[in-house]
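These notes concern the structure reproduced below.
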């Protein structure tokens with residue numbers, strides 16, 4: 001899993017890239033790539049999922065950056081229509097940028113958890 005966070009319009013936003021598959025998937029079943037956008041809710045003190053999208057192959061058609069995710073984040077993004085924060089022009093309103101791509105999670109290690 002890779003994540004990048006930013007403060008935008010007085011809220012904290014996160015873009016997350018991760019791999020997942022069904023719990024009952026067989027060993028030969030492929031992992032699917034996902035993009036998720038989260039917005040922190042200050043009242044509940046929890047993140048709200050704004051969007052969670054399966055990125056269908058071929059993956060080369062997705063870009064690895066937006067206005068706040070650098071190419072180095074390697075978070076694949078769907079089209080601008082499918083997420084709210086990080087579009088061209090938004091960078092004028094950003095503050096407190098945080099790149100959190102150092103969350104290496106081995107999906108195989110966590111696959112057996114229920």
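In the UniProt record's numbering, the protein residues as written are 1 to 114. Note that beta-carbon positions come from the ideal geometry of N, C-alpha and C, so glycine has one too.
Query: For residue 64, which residues in the same chain have their Cβ closer than 8 Å to its Cβ, ignoring the five residues on either side in sequence?; Result: 71, 73, 74, 75, 76 and 77
Query: Sort out for me which residues DSSP pairs residue 52 with in a bridge.; Result: 36
Query: Which residues in the same chain as residue 105 place their Cβ atom closer than 6 Å to its Cβ, once the five residues preceding and following it in sequence are excluded?; Result: Because residue 105 carries a pLDDT of 48, less than 50, the predicted location of this residue cannot be relied on, and the following value inherits that uncertainty. Here the set comprises 1.
Query: In the structure shown, what three-state DSSP assignment does residue 26 receive?; Result: coil
Query: Please confirm whether residue 26 has its beta-carbon closer than 8 Å to some beta-carbon of chain D.; Result: Within the model displayed, chain D is absent; a lone protein chain is all it includes.
Query: Do you know offhand how far residue 30's Cα is from residue 54's?; Result: 13 Å
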